[in-house]
DNA sequence: CGCCAGGCCTGCACGC
DNA sequence: TGCGTGCAGGCCTGGC
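Numbering (my numbering), first residue to last: 5 to 275.
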């Protein structure tokens with residue numbers, strides 16, 4: 005579930021609880037996530053000062069003074085701050101105990117998420133090194149996407165979802181941004197010009213900004229670090245709305261598949 | 001029961 | 001031959 009807005013909501017919620025604290029302990033209840041949780045975590049983390057929490061794409065980076073805890077929420081993960089000794093549920097696979105007695109807890113029913121540890125620069129980790137531009141950074145704009153897409157035969161939606169090009173945009177927000185921009189998702193990326201890419205870049209930024217402001221999207225299991233759901237799904241224009249009227253023109257929203265993912269769009273407003 | 005779901009790495013096939 | 005590119009499979013559980 006979690007795309008960039010949900011990860012950013014999580015980051016903002018965690019930061020004040022983690023920054024300046026020391027790690028008191030680590031509990032791994034089920035190490036079988038996307039990659040096995042490294043056993044050395046339990047030895048390497050306790051005692052470290054948490055300096056801050058940042059985000060790269062959909063990855064959360066916890067700066068642990070000489071090492072980085074890299075967290076990914078996969079499809080169904082969520083992170084919460086809880087009181088000491090909170091009883092774990094069935095899918096609560098990982099806890100970080102802090103020196104004030106609180107817990108950072110990962111819940112992830114599908115276990116597509118990840119808990120990684122590195123003692124070199126987190127941004128050089130193999131999983132992060134190849135990530136594309138941050139869509140909320142000042143460098144991201146129409147010109148940038150235009151230059152990136154000249155040799156791409158893939159559709160614009162698949163390019164938006166390609167983390168090596170743009171980091172953090174997943175299926176929901178790719179659908180929504182293309183609707184906002186009035187661009188048909190199947191359009192070959194190389195056939196879109198500079199001007200339309202300017203509109204698309206603005207649409208991506210605005211879609212992400214609005215989603216963050218709404219606390220992200222809660223479709224089934226996402227909650228923020230305080231347990232609160234997001235409400236952006238109430239503002240969806242097309243995602244999950246196949247057959248329902250387009251909010252602009254009233255015509256039915258269409259659904260197709262692209263790269264084994266569902267694409268929703270308005271055949272009239274998106275050309 | 002089958003199918004679907006917010007991610008994304010890996011391996012393979014293809015064309016230049 | 002090598003590289004960029006583009007597919008499909010796989011990892012899991014839960015809900016309809």
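C-beta atoms are modelled at their ideal positions from N, C-alpha and C, and glycine is treated no differently.
Nonlocal neighbours in the same chain, by C-beta distance under 7 angstroms from residue i, ignoring five residues either side
i           : result
residue 263 : 162
residue 60  : 127, 132, 135, 171
residue 25  : 54, 102, 103, 104
residue 215 : 9, 177, 221, 236
residue 185 : 203, 204, 207
Straight-line Cα distance separating residue j from residue i
i           : j           : result
residue 30  : residue 113 : 20 angstroms
residue 124 : residue 165 : 28 angstroms
residue 20  : residue 267 : 37 angstroms
residue 79  : residue 154 : 31 angstroms
residue 38  : residue 116 : 5 angstroms
residue 51  : residue 32  : 17 angstroms
residue 44  : residue 144 : 38 angstroms
residue 207 : residue 181 : 5 angstroms
residue 150 : residue 179 : 19 angstroms
residue 157 : residue 194 : 6 angstroms
Beta-carbon spacing of residue i, residue j below 8 angstroms
i           : j           : result
residue 221 : residue 176 : yes
residue 108 : residue 137 : no
residue 11  : residue 77  : yes
residue 237 : residue 223 : yes
residue 146 : residue 204 : yes
residue 258 : residue 246 : yes
residue 120 : residue 209 : no
For residue i, the three-state DSSP class (helix, strand or coil)
i           : result
residue 146 : helix
residue 210 : helix
residue 40  : strand
Paired residues, beta bridge with residue i - DSSP
i          : result
residue 48 : DSSP output for residue 48 lists no bridge partner at all.
residue 60 : 63
residue 1  : There is simply no residue 1 to check, as the chain begins at 5 and stops at 275 in what is shown.
residue 96 : 111
Residues of its chain near residue i, where Cβ-Cβ distance is below 6 angstroms and the 5 sequence neighbours each way are ignored
i          : result
residue 72 : 65, 122, 126
residue 3  : Because residue 3 is not part of the residues shown, which for the chain are 5 to 275, the question remains open.
Closer than 7 angstroms: residue i CB and nearest the ligand FAD heavy atom
i           : result
residue 183 : This structure simply doesn't include the ligand FAD, nor any ligand for that matter.
Own chain partners of residue i with C-beta closer than 8 angstroms, once the 5 adjacent residues on each side are dropped
i           : result
residue 68  : 27, 49, 52, 53, 54, 55
residue 219 : 13, 228, 232, 233, 234, 235, 236
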